[in-house]
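With the working numbering applied, the sequence shown corresponds to residues 212 to 574, in that order. Ideal Cβ positions, reconstructed from N, Cα and C, are used throughout, including at glycine.
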Amino acid sequence: MSADVQDPPPAAEAVVLVGGQGVRLRPLTLSAPKPMLPTAGVPFLSHLLSRIRAAGIEHVVLGTSYKAEVFAEHFGDGSELGLQLEYVVEQEPLDTAGAIRNVADRLSADDVLVFNGDILSGVDLNDLLATHRGTAADVTLHLVKVADPRWFGCVPTDADGRVTAFLEKTENPPVDQINAGCYVFRRDVINTIPAGRPVSVERETFPQLLASGARVQGYVDNSYWLDMGTPAAFVRGSADLVLGTAPSNALPGEPGEALVLAGAWVAADAEVRGGSTVGADCVVEAGASVVESVLFDGVRVARGAVVERCVIGAGAIIGEGAVLRDAVIGDGARIGADCELLHGVRVWPGVELPPYSVRFSAD
Ligand code: GTP
């Protein structure tokens, strides 16, 4: 190609925000950032990237901060996924809008899809883009309807779908629509975000855009949606991916009751179901039961142990007859025989609980 002929800018590009500390998912996020946690056999981010690629987008910029190096080590230049991946590291976390502004010089398309890196969603990305273009919006937000909007800030829209306000959490929310953590920005709007300091999309950028008369469009849909930010949601999302309820092109294998990865061994009379993932080189011994759970690599679940709706970190050992429900166990922890851990208990990496030592519920 001659020097004066340039490729046209791409139709759309994507930015994925992956710099958060994932505090609610500790202790799992002490060793890996939330988007890199093994989820249905691959890092969570693989599922999102597979959907971005399936929508025809190739250039993806990751806005990183916490444990920034881990992403490039795993995904490299993205070519194995058919993507061109770029990484931008924040020295100090810049919050969501600050992170978007920080990657502005890597973007050339008119329309930029922005994703929170911890959302599992079936939204039709091309339809979202078509709505953004069809309404000539400055920013378009994916909105989802939730059963109990009291837990979220809500986002009302008018008859044309224009966003009318960003409301804080309240006991009586006027609508059941919430921000789903996926946006389309016109690229020149990104340049209006202040550079070099933390800025929040929800608290600062979106309310200011509304106040300035910008067109902020809502795109409401009812497809699958889950924010994977808490242990309970992480377990649910991983199980939904394995069961095929949540959409992904990155699932290693066919959807089913369980995903058992290479080198894992499950005793013939052990039970593994409910969308559980059994990581590489795990052992699930006779009579054990693993239901709706995620076992990272190298976990041992001893005879007769029960593991329900749990995340078990790499190399952890669950002793004979132990009962774990809704628990999070850090990497390398050892849970002694017959311990009982219920209702949101979290055990830090490497901790050893002697046999018969604990009957503990976080409630
Ligand atoms: P918690 O600490 O458990 O609230 O999780 P989090 O740190 O991921 O925060 P939150 O769920 O509110 O973040 C939403 C999305 O924005 C996630 O994908 C984060 O990785 C990302 N994010 C949050 N803060 C920053 C930041 O300062 N920089 C970048 N690049 N991304 C961020």
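The beta carbon of Asp371 sits closer than 8 Å to the beta carbons of Thr346 from its chain, once the five residues preceding and following it are set aside; these are given in chain order. The C-beta distance from Pro442 to Leu236 rounds to 6 Å, short enough to meet the 8 Å contact threshold. Annotation for Ala443: the continuous alpha helix (DSSP H) segment containing it runs Pro442 to Leu454.
With distances taken between CA atoms, Gly543 lies nearest to Ile529 out of Ala533, Val431, Glu551 and Ile529.
Boundaries of the alpha helix (DSSP H) harbouring Val400: Arg398 to Ile401, taken from the DSSP string. Residue ranges of uninterrupted beta strand (DSSP E) with 3 or more members, entirely inside the stretch 377-442 and ordered along the chain, are 388-397, 427-432 and 436-438. If you look at Asn337, you'll find it in the alpha helix (DSSP H) that goes Leu336 to Gly345. Taking 8 Å as the cut-off, the Cβ atoms of Ser504 and Cys493 do not count as close. For Phe282, same chain residues with a beta-carbon under 8 Å away, outside a window of 5 residues either side, are Val229, Pro244, Pro246, Met247, Leu256, Leu273, Thr275 and Tyr298 in chain order. In this structure, the C-beta of Asn327 approaches the ligand GTP to less than 7 Å from one of its heavy atoms. With respect to Leu472, Gly252 sits close: the two C-beta atoms are nearer than 8 Å. Within 7 Å of the C-beta of Pro405 there is not a single heavy atom belonging to the ligand GTP.
In terms of side-chain proximity, the C-beta atom of Gln232 is found nearer than 7 Å to a non-hydrogen atom of the ligand GTP.
Per DSSP, Asn327 is not a residue of any alpha helix (DSSP H); the beta strand (DSSP E) it occupies stretches across Asp322 to Asn327. Rounded to the nearest whole angstrom, the C-alpha separation of Arg312 and Ala279 is 17 Å. The straight-line gap separating the alpha-carbon atoms of Thr342 and Asp369 is approximately 15 Å. Of the candidates Ala527, Ala516, Ala497 and Val446, the residue whose Cα lies closest to the Cα of Thr488 is Val446. For Gly498, the secondary structure class from DSSP, reduced to helix, strand or coil, is coil. Using a 10 angstroms sphere on the CB of Thr381, the tally of other CB atoms stays under 16, which defines it as exposed. Secondary structure note for Gly274: its beta strand (DSSP E) is the uninterrupted segment His270 to Thr275. Residue pairing by DSSP places Ile529 opposite Val512 and Ile546 in a beta bridge. Secondary structure note for Thr488: its beta strand (DSSP E) is the uninterrupted segment Ser487 to Val489.
Here DSSP, grouped into helix, strand and coil, assigns His353 to strand. The beta carbon of Tyr435 sits closer than 8 Å to those of Leu331, Ser332, Gly333, Asp451, Thr456, Ala457 and Pro458, all from its chain and outside the five residues before and after it, given in chain order. Nearest to Val300 by alpha-carbon distance, out of Gly429, Val512, Val227 and Leu564, is Val227. Contact annotation: the stretch 506-514 touches the stretch 531-547, with at least three C-beta pairs closer than 8 Å.
Buried is the label assigned to Thr250, since at least 16 other Cβ atoms lie within 10 Å of its Cβ. Distance between Asp316 and Glu415, taken at the CA atoms: about 21 Å.
Within the DSSP bridge table, the entry for Tyr298 names Leu273 as partners. Per DSSP, reduced to three states, the secondary structure at Thr240 is helical. Taking 7 Å as the cut-off, one finds no heavy atom of the ligand GTP near enough to the beta carbon of Glu415. In this structure, Arg397 has its beta carbon at no less than 7 Å from each heavy atom of the ligand GTP. Taking the Cα of Gly555 as reference, the smallest distance to any Cα among Ala478, Asn460 and Asp537 is reached at Asp537.
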